[in-house]
Structures are given as structure tokens and as C-alpha cells.
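Visitor:
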Amino acid sequence: MKKYYVSGVREYDGVCERVTDEQSEFWTVYQRIKDCTSEAMFDLCFRSEAEEVVKVLEERDHLSEKNHKSIKDANN
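Sequential numbering from 951 applies to the sequence shown in our numbering.
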């Protein structure tokens, strides 16, 4: 299961709900939390923009893990 995902969202009476792409007013990037919940991170006008944000977040996480490993290895 991926850490980040995109979903279409629509606002109904001041409450945002996840919906199909066809029903969406905008797209939200979500982060899955360890307790099996999700947190909305970014709202974007286009799905393609939201998917690009997910790619950037995944690359950031990858580089962060790589950096932490390098620091740990250097200290051993």
C-alpha cells in the first residue's frame, strides 16, 4: 500500500467528501498514517498536478531514507 495517494473530492454543505473523478471538484493528495487513517495534505485543481506532487513526496522520502542510512553508516 502506497504512503501517498490522490482522490477526487467534492464539497457538500461545507463538508469535503472523496468522490469519483467524474464527480470531483478538485483533487486532494492524502498521506496514509500508521493507524490506518489518512490525512489530507494538498488540494489541487487538476489530477495530473496532484499525481506530480505524489511523485515529489515519494522522491523526498526516498532521499531522506538514503541520507539517514548514509549518516548511520558513517557513524559506525
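A virtual CB, placed ideally from N, CA and C, is assigned to each residue, including glycine.
Kindly identify the DSSP beta-bridge partner or partners of Glu999.
Guide: None; Glu999 has no bridge partner.
Visitor: Under a three-way DSSP split, which group does Ser957 fall into?
Guide: Three-state result, Ser957: strand.
Visitor: Consult DSSP for Ser988 and reduce its assignment to one of helix, strand or coil.
Guide: Reduced to three states, the DSSP call for Ser988 is strand.
Visitor: Which same chain residues, not among the five before or five after Phe992, have their C-beta less than 6 angstroms away from its C-beta?
Guide: The answer, listed in chain order, is Val979 and Val1003.
Visitor: Who pairs with Val965 in a beta bridge, going by DSSP?
Guide: Tyr962, per the DSSP bridge assignment.
Visitor: To the nearest angstrom, how far is the alpha carbon of Gly958 from that of Lys1019?
Guide: Rounded to whole angstroms, Gly958 to Lys1019 spans 36 angstroms at the Cα level.
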